[in-house]
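**Student:** Residue numbers (full-length UniProt numbering): 1 to 479.
For each residue, glycine too, the CB sits at the ideal point set by N, CA and C.
Owing to the predicted nature of the structure, the values given are computational and were not obtained by experimental measurement.
Sharing a structure below in structure tokens format, with a few things to ask.
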Amino acid sequence: MRLKTIPFLIVALAVVFTSCKKETLKNASENSLKENAVHGYTVHASIRKLDNAGANNFNYEFTFWVSTDAQPLTALQLPAQLQLVGELSAGGTKEIKKLTLQTGTRVTRKIYRLTSPVSVIGKFSVPGLYQGKQINCTATVIEQPYNLPAVAVQGTGFVDSEGKKFIPWGVNYTNGKTFLLMDNEWYDETDWQIIKQDFREMKAMGLNIVRIHLQYKNFMTGVNTPNLQSLKRLKELIDFTATIGLYLDITGLCSYLNEDPAWYTNLDEAGRWATQALFWKAVARVAKGNNNVFCYNLINEPVTPTSATTIWLPGEAFGGLYYYVQHITRQPAGRSWTAITSAWISKLKSAIREEDNRTLVTVGFIGLGKISYFNDLLDYNSIHIYPKSNTITQSLNIIKSSQSDKPLVVEETSWEAGYDNMRLFINTTQNDGLTVGYMAHYHGETIEDLEKQSGMGPAIQREWYKIFMFELNPNFNKP
Numbered sequence: 001m002r003l004k005t006i007p008f009l010i011v012a013l014a015v016v017f018t019s020c021k022k023e024t025l026k027n028a029s030e031n032s033l034k035e036n037a038v039h040g041y042t043v044h045a046s047i048r049k050l051d052n053a054g055a056n057n058f059n060y061e062f063t064f065w066v067s068t069d070a071q072p073l074t075a076l077q078l079p080a081q082l083q084l085v086g087e088l089s090a091g092g093t094k095e096i097k098k099l100t101l102q103t104g105t106r107v108t109r110k111i112y113r114l115t116s117p118v119s120v121i122g123k124f125s126v127p128g129l130y131q132g133k134q135i136n137c138t139a140t141v142i143e144q145p146y147n148l149p150a151v152a153v154q155g156t157g158f159v160d161s162e163g164k165k166f167i168p169w170g171v172n173y174t175n176g177k178t179f180l181l182m183d184n185e186w187y188d189e190t191d192w193q194i195i196k197q198d199f200r201e202m203k204a205m206g207l208n209i210v211r212i213h214l215q216y217k218n219f220m221t222g223v224n225t226p227n228l229q230s231l232k233r234l235k236e237l238i239d240f241t242a243t244i245g246l247y248l249d250i251t252g253l254c255s256y257l258n259e260d261p262a263w264y265t266n267l268d269e270a271g272r273w274a275t276q277a278l279f280w281k282a283v284a285r286v287a288k289g290n291n292n293v294f295c296y297n298l299i300n301e302p303v304t305p306t307s308a309t310t311i312w313l314p315g316e317a318f319g320g321l322y323y324y325v326q327h328i329t330r331q332p333a334g335r336s337w338t339a340i341t342s343a344w345i346s347k348l349k350s351a352i353r354e355e356d357n358r359t360l361v362t363v364g365f366i367g368l369g370k371i372s373y374f375n376d377l378l379d380y381n382s383i384h385i386y387p388k389s390n391t392i393t394q395s396l397n398i399i400k401s402s403q404s405d406k407p408l409v410v411e412e413t414s415w416e417a418g419y420d421n422m423r424l425f426i427n428t429t430q431n432d433g434l435t436v437g438y439m440a441h442y443h444g445e446t447i448e449d450l451e452k453q454s455g456m457g458p459a460i461q462r463e464w465y466k467i468f469m470f471e472l473n474p475n476f477n478k479p
């Protein structure tokens with residue numbers, strides 16, 4: 001798990017931007033050729049009520065995509081900007097919404113706070129022609145929040161209860177601009193509203209899943225005592241994200257800040273595993289039956305020492321602050337890491353299954369080698385892998401070595417290899433069926449937020465978001 005990215009060299013950044021520019025020109029040329037066969041366009045607008053924002057006000061998700069008469073069911077990659085004007089009735093009051101669909105996009109989503117009920121007066125209009133052709137518009141309003149179907153494993157992929165293929169494409173959620181970790185701050189009402197807005201923004205970016213990280217110290221007040229306040233807030237987050245159409249990857253037992261109480265860190269292996277099982281049993285009790293809970297990830301990046309140790313959190317703190325790797329025992333006593341990890345997974349999964357017999361269970365392993373040793377115990381495999389510019393082949397080989405009869409999801413990755421290398425890496429693993437989903441990182445700032453900032457860091461993150469969330473996202477291009 002990584003909260004902060006590592007800056008590129010200026011030369012590398014220049015190469016990346018030049019590559020992006022060339023690709024944009026190439027796409028524009030290809031789109032221009034396609035336009036010769038187009039006689040007309042249609043703008044499709046969908047408006048869906050999401051969560052309550054107080055009184056009779058609700059957040060509404062506006063989704064726009066454009067098709068041609070030649071391909072009426074395909075979202076067009078826009079060859080030029082498109083200006084839209086919509087006249088709405090919101091709670092009986094007329095409102096005008098103006099927005100721009102940007103060049104190169106396929107699907108655009110915006111969130112507006114409106115008074116219910118909402119209706120479109122006439123239709124969204126497009127001033128003049130588009131690309132010299134007639135353009136029409138259709139609009140639908142759905143006065144109901146999302147009702148997500150449950151997801152299950154099917155072979156080496158996922159399918160929802162409606163029989164549709166499901167590709168998890170999302171992010172690990174942190175908001176380093178406002179707070180260190182979500183469950184440290186989510187009781188403060190101001191921070192809670194920031195968290196909820198962050199989730200709305202992630203949904204508007206076309207993502208369908210968010211990975212959250214729950215700290216042991218916040219969910220257990222004693223070895224045998226779950227924290228009911230934290231569990232209540234977790235259930236509120238589950239309900240909220242279901243309403244706005246997001247699945248959750250719930251990762252637990254986090255000790256990232258090395259702030260665990262002594263009564264926990266002083267436990268031996270048996271005692272630690274026992275209280276960890278109670279943690280997961282408590283979480284499963286409140287999360288079960290919620291279709292948008294995609295999985296329980298037992299722990300982030302577990303390892304086993306080769307000999308006895310006195311610590312639970314090995315290695316140096318990332319950025320001087322975060323410990324993402326965790327020992328699952330301090331006394332291997334001659335046992336192999338696979339034997340120890342298998343026994344640990346079995347105990348925790350059994351605790352979950354006492355409460356929840358459906359939700360998928362996985363573990364987020366470090367991508368340093370083959371990870372598919374626990375297929376009989378896990379419902380699918382999760383790998384954390386951060387390719388560098390000189391390790392693309394090595395990283396691909398690790399992915400290949402981790403193939404099995406279970407799905408493989410890249411649960412953590414980033415842009416450190418460079419944009420073109422990451423395009424190659426992700427497209428290769430997805431197109432060759434080696435992986436069935438990806439998760440990057442979101443730090444609480446949208447593309448629009450980053451565009452307002454100067455400097456190399458925001459520019460790198462902004463362009464990476466465009467590539468990962470729009471260009472590479474297999475779900476984003478689907479209306």
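(1) Does the beta carbon of H327 fall short of 7 Å from some heavy atom of the ligand HEM?
(2) What is the DSSP secondary structure of T310, reduced to helix, strand or coil?
(3) Run through DSSP, which three-state label would K452 get?
(4) Between the beta-carbon of P149 and the beta-carbon of V85, is there less than 8 Å?
(5) Quick check on the burial criterion: 16 or more other C-beta atoms within 10 angstroms. Buried or exposed for E30?
(6) Let me know if Y187 comes out buried or exposed under the rule of 16 or more other beta-carbons within 10 Å of its beta-carbon.
(7) Based on Cα-Cα distance, which residue from Y216, Y173, L101, Q215 lies nearest to R200?
(8) Could you spell out where the beta strand (DSSP E) holding E95 opens and where it closes?
(9) Could you check the C-alpha separation between V159 and M220 for me, to the nearest Å?
(10) Going by CA-CA distance only, name the one from V141, T103, K177 that's closest to V120.
(11) Roughly how many whole angstroms lie between the Cα atoms of H421 and E355?
(12) Where does F476 land, buried or exposed, given buried means 16+ other C-beta within 10 angstroms?
(13) Tell me, please, which residues DSSP counts as bridged to N172.
(14) Thinking just about the alpha-carbon of each residue, which of N59, V43, L82 is nearest to the one in T68?
(15) How big is the Cα-Cα spacing for Y465 and V436?
(16) Please confirm if the region 314-330 is in contact with the region 279-293, defined as three or more CB-CB distances below 8 Å between the two stretches.
(17) Let's test the definition: count the other Cβ atoms within 10 Å of the Cβ of L73 and tell me whether it reaches 16, buried, or not, exposed.
(18) What residues in its chain sit with their C-beta under 8 Å from that of V38, if we drop five residues either side in the sequence?
(19) Contact between the region 381-391 and the region 341-360: three or more CB pairs below 8 Å?
(20) Could you give the uninterrupted runs of the beta strand (DSSP E) lying entirely in the region 315-374, keeping only those of 3 residues or more?
(21) From what residue to what residue does the beta strand (DSSP E) around E416 run?
(22) Measuring alpha carbon to alpha carbon, tell me which of M182, L234, L321 ends up nearest A284.
(23) Nearest-angstrom Cα distance between M439 and L78?
(24) Return helix, strand or coil for L231, following the three-state DSSP convention.
(25) In the structure shown, what three-state DSSP assignment does F476 receive?
(26) If you reduce the DSSP assignment to three classes, tell me which class M205 lands in.
(27) Compute the Euclidean distance between the alpha carbons of F425 and G122, then round it to the nearest angstrom.
(28) I'd like the span of the alpha helix (DSSP H) that includes V283, first residue to last.
(29) Just checking my contact of G252 with L214 at CB under 8 Å: how many whole Å lie between their CB atoms?
(30) Touch check for the region 56-63 and the region 91-110: three-plus C-beta pairs under 8 Å?
(31) Tell me the DSSP bridge mates of L88?
(32) On the DSSP bridge assignment, give the partners of P149 in chain order.
(33) Quick one, are the C-beta atoms of T304 and I340 less than 8 Å apart?
(34) Cβ atoms of N175 and H443: under 8 Å apart, would you say?
(35) Which residue or residues does DSSP assign as beta-bridge partners of V66?
(36) Would you mind sorting Q193 into buried or exposed? The rule is 16 or more other CB atoms within 10 Å of its CB.
**Tutor:** With the structure as the only source:
(1) Among the components modelled here there is no ligand, and therefore nothing to report on the ligand HEM.
(2) The count along the sequence shown starts at 1 and reaches residue 310 at position 310. In the structure shown, T310 sits in coil (DSSP, three-state: anything other than H, G, I, E or B).
(3) As a working note, residue 452 is residue 452 in the sequence shown. If DSSP states are grouped into helix, strand and coil, K452 belongs with coil.
(4) One-based indexing of the sequence shown puts residue 149 at position 149. One-based indexing of the sequence shown puts residue 85 at position 85. No, these two residues do not count as a Cβ contact at 8 Å.
(5) Locating residue 30 in the sequence shown gives position 30, counting from the first residue. In this prediction, E30 has a pLDDT of 47, which is less than 50 and means its spatial position is unreliable; nothing more can be read from the coordinates.
(6) Numbered from its first residue, the sequence shown carries residue 187 at position 187. The residue is exposed, with fewer than 16 neighbouring Cβ atoms inside 10 Å.
(7) Position 200 of the sequence shown, counting from 1, holds the residue named residue 200. Of the listed residues, the one whose Cα sits closest to R200 is Y173.
(8) Residue 95 sits at position 95 when you count from the first residue of the sequence shown. Note, E95: beta strand (DSSP E), 93-101.
(9) Taking the first residue of the sequence shown as position 1, residue 159 is located at position 159. Taking the first residue of the sequence shown as position 1, residue 220 is located at position 220. C-alpha separation (whole angstroms): 34 Å.
(10) The count along the sequence shown starts at 1 and reaches residue 120 at position 120. For the residues V141, T103, K177, the minimum Cα distance to V120 belongs to V141.
(11) Taking the sequence shown and counting its residues from 1, the one referred to as residue 421 is at position 421. Taking the sequence shown and counting its residues from 1, the one referred to as residue 355 is at position 355. Rather than His, the amino acid found at residue 421 in this sequence is Asn. Straight-line Cα distance between these residues: approximately 43 Å.
(12) Translated into positions along the sequence shown, residue 476 becomes position 476. Buried, by the Cβ-count rule.
(13) For this step, residue 172 is matched to residue 172 along the sequence shown. According to DSSP, N172 bridges with R211, H441.
(14) Indexing the sequence shown from 1 puts residue 68 at position 68. Closest by alpha carbon: V43.
(15) Translated into the one-based positions of the sequence shown, residue 465 becomes position 465. Translated into the one-based positions of the sequence shown, residue 436 becomes position 436. When rounded, the distance between both Cα atoms is 19 Å.
(16) no
(17) Here residue 73 refers to the residue found at position 73 when the sequence shown is read from its first residue. Flag for L73 reads exposed.
(18) Position 38 of the sequence shown, counting from 1, holds the residue named residue 38. The residues are T68, D69, A70, Q131, K133.
(19) no
(20) 360-366
(21) Within the sequence shown, numbered from 1, the residue matching residue 416 stands at position 416. Neither: E416 is in no beta strand (DSSP E) and is coded neither H nor E.
(22) On the sequence shown, position 284 is the one that residue 284 refers to. Checking every option, the nearest Cα to that of A284 belongs to L234.
(23) Taking the first residue of the sequence shown as position 1, residue 439 is located at position 439. Taking the first residue of the sequence shown as position 1, residue 78 is located at position 78. When rounded, the distance between both Cα atoms is 26 Å.
(24) Numbered from its first residue, the sequence shown carries residue 231 at position 231. L231: helix per DSSP, three-state reduction.
(25) Position 476 of the sequence shown holds residue 476. Reduced to three states, the DSSP call for F476 is coil.
(26) Stepping through the sequence shown from its first residue, residue 205 is reached at position 205. Here M205 sits in coil by DSSP.
(27) Counting from 1 along the sequence shown, the entry for residue 425 is found at position 425. Counting from 1 along the sequence shown, the entry for residue 122 is found at position 122. Going by the C-alpha atoms only, they are around 46 Å apart.
(28) The sequence position of residue 283 within the sequence shown is 283, counting from 1. Looking at the DSSP string, the run of the alpha helix (DSSP H) that includes V283 is 269-287.
(29) Position 252 of the sequence shown, counting from 1, holds the residue named residue 252. Position 214 of the sequence shown, counting from 1, holds the residue named residue 214. Confirmed, about 5 Å.
(30) yes
(31) Looking up residue 88 in the sequence shown gives position 88. Note: L88 sits in a beta bridge opposite E95, V120.
(32) Translated into the one-based positions of the sequence shown, residue 149 becomes position 149. Paired residues: none, contrary to the question.
(33) Looking up residue 304 in the sequence shown gives position 304. Looking up residue 340 in the sequence shown gives position 340. Their beta carbons are under 8 Å apart, which means T304 touches I340 by this criterion.
(34) Here residue 443 corresponds to residue number 443 of the sequence shown, with the count starting at 1. Here residue 175 corresponds to residue number 175 of the sequence shown, with the count starting at 1. Yes. Within cutoff.
(35) Residue 66 sits at position 66 when you count from the first residue of the sequence shown. Answer by DSSP bridge pairing, in chain order: V43.
(36) Position 193 of the sequence shown holds residue 193. By the neighbour-count rule (16 or more Cβ atoms within 10 Å), Q193 is not buried but exposed.
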